[in-house]
Amino acid sequence: MIRHLHPTDPPAFLPFKEAAGRARAYPLPMAISGNGGAFPAVRYAGAALSPRAWRSCWIKSEGSRIQVALRAGQRSGRLAWEVRDLYVHRDFKEAACEALEDLSAPAASAGARRIFIRIRSDDALLAEARRAGYVPLETETLYRVESSTSAYRRLGLCSAPMQLRPRAKADDDALFRLHCASTPLNLRMRSFNTTAEWRDGLEKPGRNVHERILEDAGGSATGWLRTANAGRGRYFEAAALNEIPDAMHCLLAAVLEMDTGPVSTLVPERSASLAGMLRDIGFEELHEYAVLVKALAARAAQTRSVASAVG
């Protein structure tokens, strides 16, 4: 079983750091950088002594030897959790399965309906995560271009009659409909079934996040753009209705004209057309990740008896 950190755990952190190697879970900011760091012993030592921080950290140990250390918590709301840190001792690889499975209890108690984890596609840990009940959701590829200026020149101007405006809170329902229209049914069933689940499941990419809505001439939302300062340069996410010509072109143009430095994005496997556009204007493929999700049972909020006619 996993347990929270104890104030007596820090002496075991340094031996564990030497045996654990690099990070195995990649939340969005780490996925953007592409580099999984070594076990942050100092940060975990501080968490073990903090009345609040230790609540989001767990370890699995055998005696004084740490087998697994992980950190998890909400994405943007209580309905969706994610694994933010995962470090596994090289001699206890099978312990990752039990640790990930045990995480379901505190997540469900906190009201989560799903737990997400992003792992490198070539990591053997994928098998342990699947044994713990996590199912593959989609594969993502990190694309990056060093000069947004050169990419913008190759892309060209967007001539479609559309305009971008800042996102408002009232746009949630429209954006969820956009998500449903641009995401295959099997992925929607595994990830987000309601507007609240979708909103709570949004990842936090970095600093200075800005969101804008792409509207057509009639004022209908046809695309969504989110940008942030993350990793080395600017990161963006874009979604557009497939049946609207030039919608994705307009979103890319809006990103690339913002500055002159590096730009990166994570593209799911289902967005083959976007991946093709990025390669055509100079983006390079850097890393591939697998996103997995585990659904959690939720207690019914209320039950009541009703009469029903038979026959």
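For the sequence shown, position 139 (counting from the first letter as 1) is numbered 251 according to our numbering, and the numbering increases by one without interruption.
For each residue, glycine too, the CB sits at the ideal point set by N, CA and C.
For residue 338, the uninterrupted beta strand (DSSP E) run begins and ends at 333–341, by DSSP. The segment 310–328 and the segment 150–157 do not touch, with fewer than 3 CB-CB distances between them shorter than 8 Å.
For residue 276 and residue 184, the gap between their C-alpha atoms comes out near 35 Å.
Between residue 395 and residue 139, the alpha-carbon positions lie close to 22 Å from each other. Where residue 190 is concerned, there is no enclosing beta strand (DSSP E), because DSSP gives it neither an H nor an E.
Relative to the Cα of residue 175, the nearest Cα in the group 295, 305, 120 and 292 belongs to 120.
The beta carbons of residue 244 and residue 198 sit no closer together than 8 Å.
Within the segment 217–291, the runs of alpha helix (DSSP H) that reach at least 4 residues and sit entirely inside it are, in chain order, 237–243 and 260–267. Here residue 376 carries a strand assignment [DSSP, helix/strand/coil]. Per DSSP, the continuous beta strand (DSSP E) segment holding residue 173 begins and ends at 169–174. Residue 142 has its alpha-carbon roughly 11 Å from the corresponding atom of residue 136. Assigned with DSSP and collapsed to three states, residue 144 falls in helix. Annotation: the continuous alpha helix (DSSP H) that includes residue 125 extends over 125–132.
About 6 Å separates the beta carbon of residue 402 from that of residue 248, a gap short enough to meet the 8 Å contact definition. Of the candidates 156, 322, 171 and 339, the residue whose Cα lies closest to the Cα of residue 204 is 171.
By alpha-carbon distance to residue 290, the top candidate from 334, 269, 306 and 319 is 334.
Taking 3 residues as the shortest admissible run, the segment 303–329 contains the following complete beta strand (DSSP E) segments, listed from N- to C-terminal end: 319–327.
For residue 156, the secondary structure class from DSSP, reduced to helix, strand or coil, is helix. In the structure shown, residue 137 falls within a coil segment according to DSSP collapsed to helix, strand and coil.
When beta bridges are read from the DSSP output, residue 406 appears opposite 227. Taking each of 406, 317, 113 and 393 in turn and checking the Cα distance to residue 264, the smallest one comes out for 393. For residue 346, the enclosing beta strand (DSSP E) starts and ends at 346–352. Contact annotation: the segment 152–163 does not touch the segment 357–371, with fewer than three C-beta pairs closer than 8 Å. Residue range 384–392 is occupied by the alpha helix (DSSP H) that includes residue 389.
Shown here, residue 183 sits in a strand according to DSSP, grouped into three states. For the set 353, 366 and 347, the Cα lying nearest the Cα of residue 376 is the one of 347.
Following the DSSP letters along the chain, one finds residue 214 inside the alpha helix (DSSP H) bounded by residues 207–214. Note that the C-beta distance between residue 342 and residue 317 is below 8 Å.
Between residue 374 and residue 256, the gap from beta carbon to beta carbon is short of 8 Å. Residues 326, 328 and 362 of the same chain have their beta carbon placed closer than 6 Å to that of residue 274, with the five preceding and five following residues left out of the count.
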